[in-house]
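Just so we're aligned, residue 14 is where the sequence shown starts under my numbering, counting upward by one. Notes follow the structure.
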Amino acid sequence: MDRDRQLDAEVQSHLEQSVRDHMDRGLSRRDAEAAARREFGNVGLVKEVTREMWGWASLERLWHDLRFGSRMLAKSPAFTLVAVLTLALGIGANAAIFSIVYGVLLRPLPFAGAERLANVYLHFAPQNNPRGNMSLMDYVDWKAQNRAFVSPGIFANGVQELTGEGEPVQVLSTHATANFFSILGVAPMLGRTFADGEDTGSSAQLAVISEDLWRRRFHSDPGVIGKVIMSSGNATTIVGVMPASFAYPRQNTDIWLCIHVAPKRRGPYAWVGIARLKPGVTFEQAQAETNTIGARIAQANPGSYSKLEMPVWKLRDAMVGNVRPALVMIFGAVGFVLLIAMANVANLILSRSTARRREMAVRLGLGATRIRIVRQLLTESVLLGLLGAGAGLLLAYACMSGFRAWNPTQLLPRVASVQLDGTVVAFTIVLSLVSSVLFGLIPALRMVDRDFQVALKEGGRSGTSSASSQRTHGVLAVAEIALSVVLVAGAGLLIRSLIAMQSVDTGVGAAPRSILSMNITATGAKYRDEKAGIAFYQRVLEQVRALPGVEAAGMSDARPPDWHEEDDTFNIQGVAWDERAYPSTVVAHVAPGYFEALRIPLLRGRYIGEQDRRDSPPVVVISQSLARRYFGNEDPLGHHLQQSQPAGNTSPRMEIVGVVGDVKYWGLDSSSQMAYYEPVSQVFTPGIFLFVRSATPAASLAPEIEHTIHGIDPDCTITTIRTLDEAIYESVAQPRFRTLLLGAFAAMALLLAAIGVYGVIAYSVAQRTQEFGIRMALGAARSDVVRLVMSRGFAIGGSGVLIGLAASLLLTRTLQRFLFGVTATDPLTFAAVALGLWSIALLACYLPARRATRVEPTVALRYE
Numbered sequence: 014m015d016r017d018r019q020l021d022a023e024v025q026s027h028l029e030q031s032v033r034d035h036m037d038r039g040l041s042r043r044d045a046e047a048a049a050r051r052e053f054g055n056v057g058l059v060k061e062v063t064r065e066m067w068g069w070a071s072l073e074r075l076w077h078d079l080r081f082g083s084r085m086l087a088k089s090p091a092f093t094l095v096a097v098l099t100l101a102l103g104i105g106a107n108a109a110i111f112s113i114v115y116g117v118l119l120r121p122l123p124f125a126g127a128e129r130l131a132n133v134y135l136h137f138a139p140q141n142n143p144r145g146n147m148s149l150m151d152y153v154d155w156k157a158q159n160r161a162f163v164s165p166g167i168f169a170n171g172v173q174e175l176t177g178e179g180e181p182v183q184v185l186s187t188h189a190t191a192n193f194f195s196i197l198g199v200a201p202m203l204g205r206t207f208a209d210g211e212d213t214g215s216s217a218q219l220a221v222i223s224e225d226l227w228r229r230r231f232h233s234d235p236g237v238i239g240k241v242i243m244s245s246g247n248a249t250t251i252v253g254v255m256p257a258s259f260a261y262p263r264q265n266t267d268i269w270l271c272i273h274v275a276p277k278r279r280g281p282y283a284w285v286g287i288a289r290l291k292p293g294v295t296f297e298q299a300q301a302e303t304n305t306i307g308a309r310i311a312q313a314n315p316g317s318y319s320k321l322e323m324p325v326w327k328l329r330d331a332m333v334g335n336v337r338p339a340l341v342m343i344f345g346a347v348g349f350v351l352l353i354a355m356a357n358v359a360n361l362i363l364s365r366s367t368a369r370r371r372e373m374a375v376r377l378g379l380g381a382t383r384i385r386i387v388r389q390l391l392t393e394s395v396l397l398g399l400l401g402a403g404a405g406l407l408l409a410y411a412c413m414s415g416f417r418a419w420n421p422t423q424l425l426p427r428v429a430s431v432q433l434d435g436t437v438v439a440f441t442i443v444l445s446l447v448s449s450v451l452f453g454l455i456p457a458l459r460m461v462d463r464d465f466q467v468a469l470k471e472g473g474r475s476g477t478s479s480a481s482s483q484r485t486h487g488v489l490a491v492a493e494i495a496l497s498v499v500l501v502a503g504a505g506l507l508i509r510s511l512i513a514m515q516s517v518d519t520g521v522g523a524a525p526r527s528i529l530s531m532n533i534t535a536t537g538a539k540y541r542d543e544k545a546g547i548a549f550y551q552r553v554l555e556q557v558r559a560l561p562g563v564e565a566a567g568m569s570d571a572r573p574p575d576w577h578e579e580d581d582t583f584n585i586q587g588v589a590w591d592e593r594a595y596p597s598t599v600v601a602h603v604a605p606g607y608f609e610a611l612r613i614p615l616l617r618g619r620y621i622g623e624q625d626r627r628d629s630p631p632v633v634v635i636s637q638s639l640a641r642r643y644f645g646n647e648d649p650l651g652h653h654l655q656q657s658q659p660a661g662n663t664s665p666r667m668e669i670v671g672v673v674g675d676v677k678y679w680g681l682d683s684s685s686q687m688a689y690y691e692p693v694s695q696v697f698t699p700g701i702f703l704f705v706r707s708a709t710p711a712a713s714l715a716p717e718i719e720h721t722i723h724g725i726d727p728d729c730t731i732t733t734i735r736t737l738d739e740a741i742y743e744s745v746a747q748p749r750f751r752t753l754l755l756g757a758f759a760a761m762a763l764l765l766a767a768i769g770v771y772g773v774i775a776y777s778v779a780q781r782t783q784e785f786g787i788r789m790a791l792g793a794a795r796s797d798v799v800r801l802v803m804s805r806g807f808a809i810g811g812s813g814v815l816i817g818l819a820a821s822l823l824l825t826r827t828l829q830r831f832l833f834g835v836t837a838t839d840p841l842t843f844a845a846v847a848l849g850l851w852s853i854a855l856l857a858c859y860l861p862a863r864r865a866t867r868v869e870p871t872v873a874l875r876y877e
């Protein structure tokens, strides 16, 4: 302020000296002052140029601009509130989705040197799974020939039943080699991890448990180290506790068990490699080496493998899996929402600028530079953006709280890493600043785009905007509609896809809500004899069938529509075996009553029944698609099927006794229907689903059935209690997650676009009130005025829809991988979207059009 006073004093001194000089030449005081000011020039401009020379002038001007901008926003609370809320929607949605994208895809992994960690898989014909599992024997061969990795290991996910202390519970487990934790470079919070050599056949069964299990089951007892527990019937010693921050390979893993590497044959295929690159070795070099090793393994085992490869995946890519394309798609969609919000705010600022045009013209006339005014207007935009960012972060926090309450652990990997931290806040602030400049630049440039004298005349008393301003409003509204069309079209395609998926025939004839399923596990020393396990299942079925309301009951280790424990190749006696012709197929082990409970139709022969005992000849029931593919019109009954391929196969030859309808076990969107069923009495499995059909709502039977089963064996664990319709609902969780998010963004875009079109037309009507008054005074009907207003809305809506449809035809092709039963250019979806958006645009125009007709001509002619 002292500098400003000094500058004012200096300017006045110059002017006074000039006045005295002119008076000395004979001019009067008044004429001398006028001459001095003409010679000096624009006083305000001179002061502005002088301030440019001061070192701290920029900061001072910024402070003045911020204060002035704050006052201007406070003077228009309605405008400020609408603009901030609009920006909050766009910025908040982007902040929430960025927190998910960053947490899942970008946040550094919590492992030392994580960028050099890898998962290694097995890929061979005929299974053709690019991320297939390896056997213990494959691991031994890989480890012996490995040169690229530091002491590779393996792991496999599963479940364990904990008994003997408290109620029996089932927990997620991971079996791993002794070097599992050292490869990842993690340390326990209590005790130790596995030591070298503890994965040999002579070692005791050891376990490391999670912090959550330690607190939940062992009440945070530090003396848990060395404690012996019963894990699936095996005495297991706890040697360590991992902190809650360690969540690998699954987010809810509760126990890690040290395996014994003592393979006797190829198979079973359950293991994934985990390894760390040696210094100086690249992933490309490691991939080349594993492929060479795979070729050697295949050459040494021609009867087991063909075209064997060992794919190497970076650990991050392996953890993220197939969610990356979906998250990228959703992040792009939420960006469209922000663009629509920006266009909306730009239109608001443009509308507000009409009232301020005379203000800017006066400032230009007093010497302010155009750059100075643009900077001032952009400062106001930045203030709006920062306010929108603050409100957006609150919205994002609320969204993330709901996201965590929903807890989609099965939908997204690394969900624990999703949080609103400094990175997300920094992203939000940067996004708001960039958005502020973008949505504020066009109105600011429009404000100083013409001669200030013309601006003063153009504004008139009514502040009517120019035709060019009206065009700018229209262009922004068209852009909003076009962007909305793209989002709504994408959401429409995903909705139709989800409906088609949920309408798929699962092969189950019973009503899904009438079927209750639960997983029961018979483990422990008493079931080491398979006869005892089979007898337990028989007792369960007998007593459950006797319960009131139960129509039928059966068992299987496969559950429609997306659960199966085992899949394998097979061969048919008398039919030439070809690795390409016999893909890996679902193998289900069932107890009598399974097909009847689910009403899976019998097409030929018989179901598996009580006569199929452990000491009777092996039998198998095959699915309709398997029978059609390998037997054609020939009757398959009496033929023999053998699990796995023929070379070195010791599996029993099973007589085909029946053909049943196809059932989905690979997911609702799968095309593979083939399966074959073996009696659980002949191939015992310790974990199995109980299926109960009831005439009443099946879910109400769950407590009584649990009580009955625990009455037979109190140590039996019961989990995954679902009705079949709940299982179907859960099976489409990921598609539904994508659809809900994109649908929410589409709804948000529709709302913003409708508000934007309404604002443009309402503003246009307000600017043309005098024109409408004159027209009605000259005899125009009110319907003519409505038609006049609606014609502009018709043009804006039509242009936006057409441009949006063209863009949608290009962009929605990227959704094809997410669609089921519908194409990315589905004409019905596009027609419905076009009609819907156009109708919304016309409705948004109709409301201000009606308002225009309610103004009396005499009032309109006096309108200011």
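Idealized CB from N, CA, C, for every residue including glycine. Predicted model only: the values in this text are computed from it and were never measured.
Paired residues, beta bridge with residue i - DSSP
| i | result |
| --- | --- |
| T534 | G700 and T730 |
| A248 | M243 |
| E579 | V600 |
| Q131 | The sequence shown places Ala at residue 131, rather than the Gln named in the question. Paired residues: A288 and K327. |
| G736 | Note that residue 736 corresponds to Thr in the displayed sequence, not to Gly. Looking at the DSSP assignment, T736 forms a beta bridge with L529. |
| V172 | L185 |
| P692 | V603 |
Inter-residue Cα distance where the pair is residue i and residue j
| i | j | result |
| --- | --- | --- |
| D486 | T436 | Per the sequence presented here, residue 486 reads as His, with Asp not at that position. Rounded to the nearest angstrom, the two C-alpha atoms are 35 Å apart. |
| G473 | Q780 | Low confidence applies to G473: its pLDDT is 45, below 50, so where it sits in the model is not reliable enough to give any reading. |
| C271 | K320 | 31 Å |
| L119 | L754 | 20 Å |
| N304 | A313 | 14 Å |
| A559 | V252 | 46 Å |
| R38 | E784 | 58 Å |
| D21 | S89 | 33 Å |
| I508 | L822 | 17 Å |
| E493 | G280 | 58 Å |
| S449 | L391 | 7 Å |
| P748 | I787 | 57 Å |
| V241 | T250 | 4 Å |
| G756 | G503 | 8 Å |
Rounded distance between the beta-carbons of residue j and residue i, thought under 8 Å
| i | j | result |
| --- | --- | --- |
| V163 | V325 | At roughly 14 Å, the Cβ-Cβ gap does not stay under 8 Å, so V163 and V325 are not in contact. |
| I528 | L737 | 4 Å |
| A640 | E609 | 20 Å between Cβ atoms; not a contact. |
| A404 | L98 | 7 Å |
| F416 | I110 | Not confirmed; about 10 Å, so no contact. |
| V879 | G505 | The requested residue 879 is not part of the displayed model; the chain covers only 14 to 877. |
| R552 | I718 | Not confirmed; about 13 Å, so no contact. |
Residue i CB to nearest heavy atom of the ligand COA below 7 Å
| i | result |
| --- | --- |
| I110 | This structure lacks the ligand COA, and indeed carries no ligand of any kind. |
What are the start and end residues of each continuous alpha helix (DSSP H) run of 4 or more residues lying completely inside the stretch 520-571, in chain order?
543-558
Counting Cβ pairs, one atom from each stretch, are 3 or more of them under 8 Å apart for the stretch 767-784 and the stretch 851-870?
yes
Segment contact flag, the stretch 81-93 with the stretch 394-410, C-beta cutoff 8 Å, min 3 pairs:
yes
Counting pairs of beta carbons, one from the stretch 290-299 and one from the stretch 100-113, are three or more of them closer than 8 Å?
no
Determine contact between the stretch 716-736 and the stretch 507-521, defined as no fewer than three beta-carbon pairs at a distance below 8 Å.
no
For the stretch 353-368 against the stretch 425-433, are there 3 or more C-beta pairs whose distance is under 8 Å?
no
Which runs of the alpha helix (DSSP H) at least 4 residues long sit entirely within the stretch 608-685? Give them in chain order.
637-644
Start-end ranges of the beta strand (DSSP E) lying completely within the stretch 267-334, minimum 3 residues:
268-271, 285-290, 319-322 and 325-327
Segment contact, 8 Å Cβ cut-off, at least three pairs: the stretch 571-580 with the stretch 668-678:
yes
Given 8 Å, three or more beta-carbon pairs between the stretch 644-655 and the stretch 694-706
no
At least three beta-carbon pairs within less than 8 Å, the stretch 632-639 to the stretch 688-702:
yes
Mind listing, in chain order, the continuous beta strand (DSSP E) runs of no fewer than 3 residues lying wholly within the stretch 803-859?
none
Quick one: complete beta strand (DSSP E) runs, 3+ long, within the stretch 180-249?
182-189, 219-223 and 241-244
Is it a yes or a no for the stretch 491-505 touching the stretch 807-820, going by three-plus beta-carbon pairs under 8 Å?
yes
So does the stretch 263-270 actually touch the stretch 221-232, counting three or more Cβ pairs closer than 8 Å?
yes
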